[in-house]
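Notes for the one structure printed next.
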Amino acid sequence: MQGRIHSIETTGMVDGPGVRYMIFTQGCLLRCQYCHNPDSWDLAAGKNMTVAELVDDIKKYVPYMKASGGGVTVSGGEPLLQMDFLTALFKELKALDIHTAIDSSGGSYSTADNYQSSFKALLEVTDLFLVDLKQMDDEKHRSLTGVTNRHILQFAKELSKRQIPMWIRHVLVPGKTDDEADLNKLASFVSELNGVERIEILPYHLMGKYKWDEMGLVYPLGDTPSPTESATNQAISILQKKNPDIPVG
1 MQGRIHSIET
11 TGMVDGPGVR
21 YMIFTQGCLL
31 RCQYCHNPDS
41 WDLAAGKNMT
51 VAELVDDIKK
61 YVPYMKASGG
71 GVTVSGGEPL
81 LQMDFLTALF
91 KELKALDIHT
101 AIDSSGGSYS
111 TADNYQSSFK
121 ALLEVTDLFL
131 VDLKQMDDEK
141 HRSLTGVTNR
151 HILQFAKELS
161 KRQIPMWIRH
171 VLVPGKTDDE
181 ADLNKLASFV
191 SELNGVERIE
201 ILPYHLMGKY
211 KWDEMGLVYP
221 LGDTPSPTES
231 ATNQAISILQ
241 KKNPDIPVG
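This is the structure we're talking about:
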């Protein structure tokens with residue numbers, strides 16, 4: 001089986017525990033204003049790679065994964081656009097006792113029967129989800145990403161229902177995702193989820209702007225600064241207050 005791959009990073013350190021072999025899939029339905037991989041949006045771009053090709057390369061890095069408690073993380077783009085491929089890949093990785101994780105916005109989540117069948121099969125071989133919750137206010141979410149957040153919140157609730165381990169991630173963008181009322185809504189929502197092991201507040205940065213420039217795209221947040229340390233600490237405090245038993249950082 002083949003998947004559409006955007007890129008690979010062999011020694012990732014921030015997308016799950018330990019040293020991670022990072023696979024970035026091609027294709028995404030969201031158009032986040034701060035996206036650092038706009039070249040991953042196109043569903044038809046990228047490189048076709050088979051499960052066997054990926055597993056053969058991943059095997060080279062197993063000693064580093066084992067020594068650090070790491071594994072393989074699939075990010076994007078949006079990995080859940082290629083669930084059957086991920087399931088086939090993860091089955092091979094589980095046979096090698098490799099930890100598996102998916103970094104997803106939930107942007108392609110659906111309650112349709114055919115989607116749910118593939119989704120449930122994938123959950124059986126996935127150890128961890130890194131869930132990107134971008135904005136709790138639906139109108140603001142539409143402005144920031146181009147889509148509603150209703151199915152995305154439903155995605156998080158479904159993982160909670162099945163008690164799938166999760167790390168919650170929130171990119172803190174001044175003027176877009178740092179409103180105190182919105183952060184309190186996020187904190188309350190997360191407090192109702194089962195399986196949350198960690199909450200990460202990720203300060204917005206301009207490091208991905210050059211890709212927009214290279215693609216001839218106008219970067220929407222060009223004048224937006226990174227959040228101050230004080231603003232970041234305030235966001236952490238809000239999330240921690242309503243989730244005292246979960247590490248927040």
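For the sequence shown, full-length UniProt numbering puts the final residue at 249, and the numbers step up evenly by one.
Ideal Cβ placement from N, Cα and C applies to all residues, glycine included.
{"Query": "Measure the beta-carbon distance from Ile-238 to Glu-180 and round it to whole angstroms, keeping in mind my assumption that it falls under 8 Å.", "Result": "7 Å"}
{"Query": "Identify the continuous alpha helix (DSSP H) that holds Ala-52 and give its terminal residues.", "Result": "51 to 58"}
{"Query": "Using a 10 Å radius around the Cβ and a threshold of 16 neighbouring Cβ atoms, would you call Lys-134 buried or exposed?", "Result": "buried"}
{"Query": "Please return the same chain residues whose Cβ sits closer than 7 Å to the Cβ of Lys-47, not counting the five positions on each side in sequence.", "Result": "Ile-5"}
{"Query": "Name the DSSP bridge partner or partners of Val-74?", "Result": "Ile-23 and Ile-102"}
{"Query": "By alpha-carbon positions, which one of Met-22, Ala-95, Thr-50 and Val-190 ends up nearest to Glu-124?", "Result": "Ala-95"}
{"Query": "Hey, quick one: how far does the alpha helix (DSSP H) through Leu-123 stretch, first residue to last?", "Result": "113 to 123"}
{"Query": "Under 7 Å Cβ to Cβ from Glu-92, same chain only, skipping five residues before and after it: list those, please.", "Result": "Val-51 and Val-55"}
{"Query": "On a Cα-Cα basis, can you pick out the residue from His-99, Leu-186 and Gly-175 that is closest to Pro-165?", "Result": "His-99"}
{"Query": "Let me check one thing: in DSSP terms, what residues is Asp-132 bridge-paired to?", "Result": "Arg-169"}
{"Query": "So the beta strand (DSSP E) Ser-40 belongs to, where does it begin and stop?", "Result": "From DSSP, Ser-40 is part of no beta strand (DSSP E); its letter is neither H nor E."}
{"Query": "Classify Lys-176: buried if its beta carbon has 16 or more other beta carbons within 10 angstroms, exposed otherwise.", "Result": "buried"}
{"Query": "Where DSSP assigns a beta bridge to Glu-158, which residues make up the other side?", "Result": "Answer is none; Glu-158 lacks a bridge partner."}
{"Query": "According to DSSP, is His-205 helix, strand or coil?", "Result": "coil"}
{"Query": "With distances taken from CA atoms, which of Val-62, Gly-249 and Lys-120 is nearest Arg-169?", "Result": "Gly-249"}
{"Query": "Per DSSP, what kind of secondary structure is Arg-4 in: helix, strand or coil?", "Result": "strand"}
{"Query": "What residues in its chain sit with their C-beta under 8 Å from that of Asp-127, if we drop five residues either side in the sequence?", "Result": "Gly-71, His-99, Thr-100, Ala-101 and Pro-165"}
{"Query": "With a threshold of 7 Å, establish whether the CB of Lys-66 neighbours any heavy atom of the ligand SAH.", "Result": "Absence of the ligand SAH is noted for the structure shown, with no ligands found whatsoever."}
{"Query": "Taking only three categories from DSSP, how would you classify Glu-92?", "Result": "helix"}
{"Query": "Classify Glu-78: buried if its beta carbon has 16 or more other beta carbons within 10 angstroms, exposed otherwise.", "Result": "buried"}
{"Query": "Smallest Cα separation from Tyr-210: which of Thr-111, Asp-39, Ile-23 and Thr-10?", "Result": "Asp-39"}
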